[in-house]
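As structure tokens, the structure follows; a few thoughts come after it.
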Amino acid sequence: MHDFFHLCPNYVLLNDKTEYCEIPSDVKRCSQCLTNTVSAEYKQFSKETSIEKWRGYWKKILQEAEEILCFSNSSKEIFAKVYPKLINNVIVIPHDISGRYKDIYEPRITKEKRIGILGGINIAKGAYIVQNLVKYIDENNLNVKIILIGEISIDINSSSFYKTGRYKREDLPKIVKKQKITEFLIPSIWPETFSYTTDEIMQMGYPLTVFDIGAPAERVKDYKLGKIIKISEINKLFM
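Numbering (my numbering), first residue to last: 13 to 251.
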């Protein structure tokens with residue numbers, strides 16, 4: 013389970029308000045959302061607006077599976093909301109990328125906070141979160157800079173924002189050091205099924221903030237330099 017396509021055509025589970033839907037118990041709300049959402053990326057794969065038909069198709073397929081592999085307990089719990097009778101076929105085995113990076117974090121005293129964001133950032137991955145963070149920084153004249161190591165799907169023009177562009181995996185520690193990152197944020201607003209970037213940041217030993225949804229929160233809860241916040245509490249980054 014790399015996403016939630018078997019639960020909903022909108023495989024990142026963002027509703028028509030671009031918020032995590034949490035799997036409504038009222039399926040009429042789901043069908044209403046699928047009807048109201050006209051321009052989301054998933055529409056190129058399916059235009060189905062009946063969630064009952066959709067899940068009926070998928071249930072037949074899933075019933076034939078001997079095992080259904082999830083990469084986090086969070087994903088398993090979400091799966092169980094829709095297919096509770098199939099939960100005994102679900103196993104959880106996280107991806108193992110241990111040893112990819114060494115701990116390179118060196119705490120330092122600095123007046124400027126440099127918040128790193130890692131990877132390709134689209135709407136589900138938190139593009140608007142990043143945009144609003146930069147706006148907040150500028151409006152409040154904060155000594156904070158957002159450093160995106162990767163790409164983003166929307167334009168952000170501000171001296172408080174810097175984008176390195178695409179990078180090679182082996183170059184990441186060098187880029188992090190060069191950009192003088194002080195901490196990281198995973199801005200995803202959907203319940204990610206694993207999150208390689210979360211694992212990579214923890215391997216490098218940096219302070220890391222994530223939202224309280226999906227696999228990132230599950231992985232960070234036992235991380236000594238981890239912080240879990242609600243999306244509405246994003247300004248805690250500056251405290």
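The C-beta atom is built at its ideal place from N, Cα and C for all residues, glycine as well. Model, not experiment: these values are computed from the prediction.
Locate the beta strand (DSSP E) running through residue i, then write down its first and last residues.
i, result
"Phe91", "Segment 85-94 is the alpha helix (DSSP H) holding Phe91; no beta strand (DSSP E) there."
"Val104", "102-104"
"Leu81", "80-82"
"Thr221", "220-223"
What first and last residue would you give for the alpha helix (DSSP H) that runs through residue i?
i, result
"Lys239", "Here Lys239 belongs to no alpha helix (DSSP H); instead the beta strand (DSSP E) covers 238-241."
"Arg41", "39-48"
"Thr73", "Correcting the residue identity first, residue 73 is Ile in this sequence and not Thr. Segment 63-74, the alpha helix (DSSP H) holding Ile73."
"Val232", "226-232"
Quick one: residues in its chain with C-beta nearer than 8 Å to the C-beta of residue i, no 5 flanking neighbours on either side, listed in chain order?
i, result
"Asp115", "Gln215, Met216, Gly217"
"Lys189", "Ile116"
"Ile103", "Glu79, Ile80, Leu81, Cys82"
"Asn247", "Tyr148"
"Tyr113", "Leu184, Pro185, Glu212, Gln215, Met216"
Is it the case that the Cβ atoms of residue i and residue j are separated by a distance below 8 Å?
i, j, result
"Phe223", "Ile187", "no"
"Pro203", "Gly226", "yes"
"Ile164", "Ile198", "no"
"Arg126", "Lys72", "no"
"Thr221", "Leu184", "no"
"Gly131", "Thr209", "yes"
"Ile141", "Val94", "no"
"Phe16", "Leu26", "no"
"Asp211", "Ile135", "no"
"Pro219", "Phe196", "yes"
"Lys233", "Ile240", "yes"
"Tyr54", "Tyr23", "yes"
"Glu182", "Asn85", "no"
"Trp70", "His18", "yes"
In chain order, what residues of the same chain have a beta carbon less than 7 Å from the beta carbon of residue i, not counting five sequence neighbours either side?
i, result
"Val9", "With the chain represented from 13 up to 251, any question about residue 9 goes unanswered, as that position is not in the structure."
"Ile63", "Cys20, Val39, Cys42, Ser43, Leu46"
"Ile243", "Ile201, Phe223"
"Tyr235", "Met214, Leu220"
"Ile166", "Ala139, Gln143"
"Lys65", "none"
"Leu154", "Phe250"
By Cβ distance, which residues of its chain are closer than 6 Å to residue i, with the 5 residues on each side in sequence left out?
i, result
"Lys137", "Ser200"
"Ser58", "Pro21"
"Leu160", "Ile129, Lys175"
"Asn48", "Asp28"
"Val156", "Lys125, Ile149"
"His107", "Phe83, Phe206"
"Thr61", "Ser43, Leu46, Thr47"
"Val50", "none"
Problem set entry | Within the segment 130-216, ranges of the alpha helix (DSSP H) (whole runs, at least 4 residues) | 139-151, 184-190, 208-216
Exercise. Touch check for the segment 92-105 and the segment 71-78: three-plus C-beta pairs under 8 Å?
Worked result: yes
For this session: Give a yes or no on contact between the segment 117-128 and the segment 79-90, applying the rule of three or more CB pairs nearer than 8 Å.
Result: no
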